[in-house]
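**Student:** Following my numbering, the numbering of the sequence shown begins with 96 at its first residue and continues without gaps.
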Amino acid sequence: MGFLNNILMTIKKVMLVFGTRPEAIKMAPLVKELEKYPNKYKVIVVVTAQHREMLDQVLSIFNIKPDYDLDLMKKGQDLYDVTSRVLLGMREVLSKNSPDIVLVHGDTTTSTAAALSAFYEQIPVGHVEAGLRTYNIYSPWPEEANRQLTSRLATYHFAPTELSKDNLLKEGISNDKIFVTGNTVIDALNMVVNKFKNDIELEEKIITNLSKAGFCNVRGERKIVLITGHRRENFGNGFINICEAIKELSVKYPNVDFIYPMHLNPNVRNAIRKVFGNINNIFGNLFFIEPLEYLSFVYLMEKSSIILTDSGGIQEEAPSLGKPVLVMRDTTERPEAIEAGTVKLVGTNVKQIVNEVSMLLDDEEYYKNISKAINPYGDGFACSRILKRL
Ligand code: UD1
Ligand code: UDP
96 MGFLNNILMT IKKVMLVFGT RPEAIKMAPL VKELEKYPNK YKVIVVVTAQ HREMLDQVLS
156 IFNIKPDYDL DLMKKGQDLY DVTSRVLLGM REVLSKNSPD IVLVHGDTTT STAAALSAFY
216 EQIPVGHVEA GLRTYNIYSP WPEEANRQLT SRLATYHFAP TELSKDNLLK EGISNDKIFV
276 TGNTVIDALN MVVNKFKNDI ELEEKIITNL SKAGFCNVRG ERKIVLITGH RRENFGNGFI
336 NICEAIKELS VKYPNVDFIY PMHLNPNVRN AIRKVFGNIN NIFGNLFFIE PLEYLSFVYL
396 MEKSSIILTD SGGIQEEAPS LGKPVLVMRD TTERPEAIEA GTVKLVGTNV KQIVNEVSML
456 LDDEEYYKNI SKAINPYGDG FACSRILKRL
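1. Roughly how many angstroms lie between the CA atoms of LYS439 and MET454, to the nearest whole one?
2. DSSP state of LYS418, grouped into three classes?
3. With 16 as the cutoff for other CB atoms within 10 Å, does ALA468 come out buried or exposed?
4. Which class does GLY408 belong to by DSSP, given the choice of helix, strand or coil?
5. Are at least three pairs of beta-carbons, each pair with one atom in the stretch 365-379 and one in the stretch 112-132, less than 8 angstroms apart?
6. Nearest to LYS137 by alpha carbon, out of SER259, SER193 and ASN304?
7. Flag TYR389 as yes when its Cβ comes closer than 6 angstroms to any non-hydrogen atom of the ligand UDP, and as no otherwise.
8. Would PRO356 be called buried (16 or more neighbouring beta carbons within 10 Å of its own) or exposed?
9. Between ASN231 and the ligand UD1, is there a pair consisting of the residue's CB and a ligand heavy atom that are separated by less than 6 angstroms?
10. Exposed or buried, what is CYS311 when buried is set at 16 or more other beta-carbons lying within 10 Å of its beta-carbon?
11. Is any heavy atom in the ligand UD1 found nearer than 6 angstroms to the beta carbon of GLN145?
12. In whole angstroms, what separates the C-alpha of LEU125 from that of LEU258?
13. Run the proximity test for ARG314: is its beta-carbon closer than 6 angstroms to any non-hydrogen atom belonging to the ligand UDP?
14. With a 10 Å radius around its C-beta and 16 neighbouring C-beta atoms as the bar for buried, classify LYS121 as buried or exposed.
15. Return the chain-ordered ranges of every alpha helix (DSSP H) run that is complete within the stretch 199-267 and spans a minimum of 4 residues.
16. Run the CB neighbour count on ILE281, radius 10 Å, all protein chains shown included, and call it buried at 16 or more, exposed below.
17. Pair every Cβ in the stretch 205-225 with every Cβ in the stretch 424-440, then say whether three or more of these pairs are closer than 8 angstroms.
18. For MET423, tell me which candidate among LEU297, ARG228 and ILE448 has the shortest Cα-Cα distance.
19. My understanding is that ARG147 touches TRP236, with C-beta atoms under 8 angstroms, so please give their C-beta distance in whole angstroms.
20. Pull up the distance between the alpha-carbon of THR143 and that of PHE274, whole angstroms please.
21. Starting from the C-beta of ILE196, find all residues in its chain whose C-beta is less than 6 angstroms away, skip the five residues before and the five after it, and write them out in chain order.
22. For LYS318, I'd like the list of residues in its chain whose CB is within less than 6 angstroms of its CB, leaving aside the five on either flank, ordered along the chain.
23. What does the alpha-carbon distance come out to for the pair ALA249 and VAL363?
24. Does the beta-carbon of PRO471 have 16 or more other beta-carbons within 10 angstroms, so that it is buried, or is it exposed?
25. Using 8 angstroms as the threshold, is the stretch 370-382 in touch with the stretch 331-350, meaning 3 or more CB pairs across them?
26. Measuring only the C-alpha atoms, how far is LYS260 from THR426?
This is how it looks when you write it as structure tokens:
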């Protein structure tokens with residue numbers, strides 16, 4: 096009995112809290128890694144469901160069954176809704192479980208509010224993907240402030256790169272609390288790429304899935320420009336500009352397919368409706384589709400020539416796949432791939448977006464130079480490094 100008690104006492108209760116699609120993708124490999132050691136860790140997965148459908152797509156691909164689901168998403172929610180609902184939901188979950196550590200990820204309102212709730216219970220917080228900065232609290236908004244706030248609340252900081260570690264050191268965080276691990280997104284990416292690279296049947300399934308989603312040219316010879324967008328600071332004019340640029344490009348390049356899996360945020364869809372509502376897709380090369388599950392999305396990234404996005408996660412994944420990324424933002428907290436030359440900031444100016452995409456489509460030499468595969472964000476072993484530190 097005493098022996099059993101000793102074992103139980105040495106098992107650490109690790110609670111992981113996440114709620115949006117990108118957090119789920121980046122925390123999934125960590126859940127899987129922790130679950131390999133049941134004699135060391137009791138893993139408690141809490142999803143806030145800040146996203147619903149887009150979160151469930153990820154849970155299903157990685158076969159994760161949460162222990163708690165706060166199910167808080169409301170259509171058209173604002174930041175007050177999410178913050179208050181995460182805090183209230185976490186109060187009960189934390190008091191029922193008393194974890195030894197709470198792990199949160201990145202920069203969403205789920206992660207900052209969950210970190211704050213753990214702080215209220217005096218439970219140490221481990222921040223995965225810590226130390227990314229633009230030092231402009233309105234860009235990305237509210238993510239930059241979320242990151243800085245979470246750094247103030249966290250005890251352990253899992254920084255993806257040396258640069259992110261330096262940011263934390265400059266803010267006075269002690270060296271022995273910061274661990275450079277690489278980004279878990281590369282662990283997730285490798286997991287899915289390895290799945291479809293070695294499995295022809297699965298590849299066929301993905302192609303069928305893409306075709307059902309509304310895109311049947313993936314096997315063809317045509318070039319693909321893949322587009323995503325959802326940043327709050329681009330709502331309004333930013334998105335209208337992005338859509339105008341896509342419209343212009345689709346007419347300029349009738350032999351190129353432009354495919355846009357649309358984020359479910361109504362602000363994103365309204366802009367698309369406004370610009371494309373009445374246009375005739377004369378060349379049949381514009382594809383607006385529903386959000387794709389991760390496997391199909393990564394497959395499509397692999398098949399694309401250019402990625403046009405304002406996403407954080409895609410900026411990290413695409414360089415690993417050797418795909419040039421044009422980032423439709425004015426700032427980025429991920430300068431590593433820009434320095435390496437595969438990612439370029441283009442803002443939301445119509446002319447600039449059209450020019451940059453045109454250069455990549457027209458100039459083979461330029462394209463070759465910018466599309467070299469690099470891995471500034473990780474080697475696929477970030478999760479095992481995090482476990483070592485736990
Ligand atoms: C959130 C994060 C952002 C992250 C992004 C990833 C905050 C403040 N924002 O932004 O940092 O980059 O997720 O995608 O934490 N919706 C659905 N179903 C879904 C998901 C969203 O219908 O599965 C719709 C709902 O109407 C919801 C709205 O989108 O109210 C906005 O969702 P929310 O999580 O508040 O903001 P995002 O723009 O998704
Ligand atoms: N993604 C996906 N399906 C899609 C679009 C994106 O699975 O239709 C993945 C993408 O590969 C990346 C993550 O979602 O891992 C990025 O999410 P998002 O752009 O919503 O958020 P961000 O990374 O900007 O916070």
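C-beta: ideal position from N, C-alpha, C; glycine also.
Remember, it's a predicted structure, so these values are computed and weren't measured experimentally.
**Tutor:** To lay it out plainly:
1. 13 angstroms
2. Residue state for LYS418 is assigned as coil, using DSSP reduced to three classes.
3. ALA468 comes out exposed.
4. Three-state result, GLY408: helix.
5. no
6. Ranking SER259, SER193 and ASN304 by Cα distance to LYS137 puts SER193 first.
7. yes
8. buried
9. no
10. exposed
11. yes
12. So the alpha carbons of these two residues sit roughly 22 angstroms apart.
13. no
14. buried
15. The stretch 199-267 contains these whole alpha helix (DSSP H) runs: 204-215, 238-248 and 257-265.
16. It is buried - the Cβ of ILE281 has at least 16 other Cβ atoms within 10 Å.
17. no
18. ILE448
19. So it is not a contact: roughly 23 angstroms between Cβ atoms.
20. 26 angstroms
21. VAL109, PRO219 and GLY221.
22. VAL351 and SER400
23. 32 angstroms
24. buried
25. Contact between the stretch 370-382 and the stretch 331-350 is present, because at least three Cβ pairs lie under 8 angstroms.
26. 19 angstroms
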